[in-house]
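There are 2 protein chains.
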Amino acid sequence: MKFLDIGEVAERTGISPSALRYYEEIKLIRSVGRHGLRRQFDADVLLKLSLIDLGRLAGFSLAEIAQMFGQDGQLHLPRADLHAKADELERQIANLRVLRDALRHVADCSAPTHLECPSFRKLMKAASSRQIADRRSRKRAANSVRIPHD
Amino acid sequence: MKFLDIGEVAERTGISPSALRYYEEIKLIRSVGRHGLRRQFDADVLLKLSLIDLGRLAGFSLAEIAQMFGQDGQLHLPRADLHAKADELERQIANLRVLRDALRHVADCSAPTHLECPSFRKLMKAASSRQIADRRSRKRAANSVRIPHD
DNA sequence: CTGCCACTTCAAGTCAACTTGAGGTCAAGC
DNA sequence: GCTTGACCTCAAGTTGACTTGAAGTGGCAG
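Chains as they are written, first to last, in the UniProt record's numbering: chain A, 1 to 150; chain B, 1 to 150.
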């Protein structure tokens, strides 16, 4: 079988070796064994790292991501939770769209002071109510996360 | 005029007083003066904080956000830069959509091991090539950011 | 058999973004 | 005039996610 050295994994994923060691230390990924001293990774770690990277991009912490993978390493969460996460992403996407639109607006409308431009304020107003709601639900979520003892 | 105490700003935005002081310290926001010891904020800081929060959600660092506001405190960047930021957001939104779809897929398709489900792998494959490109462009962006000395 | 070099460990350092704590101030209400 | 409570400063601490550095190891090419 063809296993991967840490260097190869690093190169293929763009994640540094030290980060990969760190990920293994916190049990986010697993190496399948050693060749001499060297960790050997199974090729499917690449897929997992894609997923991890995607999760980080989405603003999840490594701890949250670790939770999404069960302790067996498979993606494995109650359906309801997965849909909840997806909904959370949905809201975040909406927020990003607001920000994107705001940036485009600023680039194009270029009134002297945007904080006073009515259509800009309107854009922001719509966003800010949602933001506060998000923040509250995030807090709730954070509080409700009970990390099971190892 | 009706100015706002830090406590009121905190309550209306959901951002803690200590965070607000920190934001002021790094010159991300400004108070208009003092009432005794107490900072007084103009009401428009609320809008600015909305924008800041939105930016953070989008994954920008406070330093990056500070750059988007000029040193005069107004949103004020060359058009091209704004559009570039917007494009970056666009890509990020696309990534989030992939993640969202991946989560929904896992919730619904529930094959025993997702890492082997072909439609799932396909989803990931599409994402991972983009991720690596993103990472590279981020690196470039980070390197090209030269913080002007105060 | 000898080097080389990509790996290894472990402790400590770094950075962003805050939070916490100790000790102080001051305007407003009683 | 005194208390109260929301603010203040400043230094130090915290958390997450790594990075860096020093000192060591071991498979493999020559």
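Virtual Cβ for every residue (Gly too), placed ideally from N, Cα, C. Computed from a predicted structure; not experimentally measured.
If distances are taken between C-alpha atoms only, which option among the options comes closest to residue i?
i, options, result
"A:F60", "A:Q92, A:G36, A:I15, A:D44", "A:Q92"
"A:E64", "A:K27, A:L37, A:R38, A:R97", "A:K27"
"A:R100", "B:R100, B:R30, B:E88, B:L4", "B:E88"
"B:A19", "B:R97, B:L62, B:A80", "B:L62"
"B:Q40", "B:K2, B:V98, B:D81", "B:K2"
"A:A80", "B:H83, B:R104, B:Y23", "B:R104"
Kindly list the residues whose CB is nearer than 7 Å to the CB of residue i, restricted to its own chain and excluding five residues on each side of it in sequence; keep chain order.
i, result
"B:R12", "L46"
"A:P17", "I6, G7, A10"
"A:I52", "L28, I65"
"B:Y23", "I29"
Straight-line CA distance for residue i to residue j?
i, j, result
"A:A58", "B:A94", "11 Å"
"B:F123", "B:S50", "Reading off the sequence, residue 123 of chain B comes out as Leu, not Phe. So the two alpha carbons sit approximately 34 Å from each other."
"B:P78", "B:K85", "11 Å"
"B:A43", "B:V32", "10 Å"
"A:R21", "A:L96", "32 Å"
"A:A102", "A:H35", "53 Å"
"A:V98", "A:H83", "23 Å"
"A:R56", "B:E90", "17 Å"
"B:E25", "B:Q67", "15 Å"
Looking only at its chain, what residues have a beta carbon closer than 8 Å to the beta carbon of residue i, apart from the 5 residues adjacent to it on each side?
i, result
"A:C109", "C117, S119, F120"
"B:R38", "D5, I6"
Residue i: buried (16+ other C-beta within 10 angstroms of its C-beta) or exposed?
i, result
"B:L54", "buried"
"A:R125", "Residue identity check: residue 125 of chain A is Lys in the sequence provided, not Arg. By the 10 Å Cβ count, A:K125 comes out exposed."
Just to confirm my understanding: we take residue i, look at its own chain, exclude 5 residues before and 5 after, and list those with CB closer than 6 Å. What are they?
i, result
"B:G14", "none"
Can you check the UniProt domain "HTH merR-type" (1 to 71) of chain B for any alpha helix (DSSP H) of at least 4 residues that lies completely inside it and give the ranges in chain order?
Within the UniProt domain "HTH merR-type" (1 to 71) of chain B, the complete alpha helix (DSSP H) segments at least 4 residues long are 6 to 13, 17 to 25, 44 to 57, 62 to 68, listed from N- to C-terminus.
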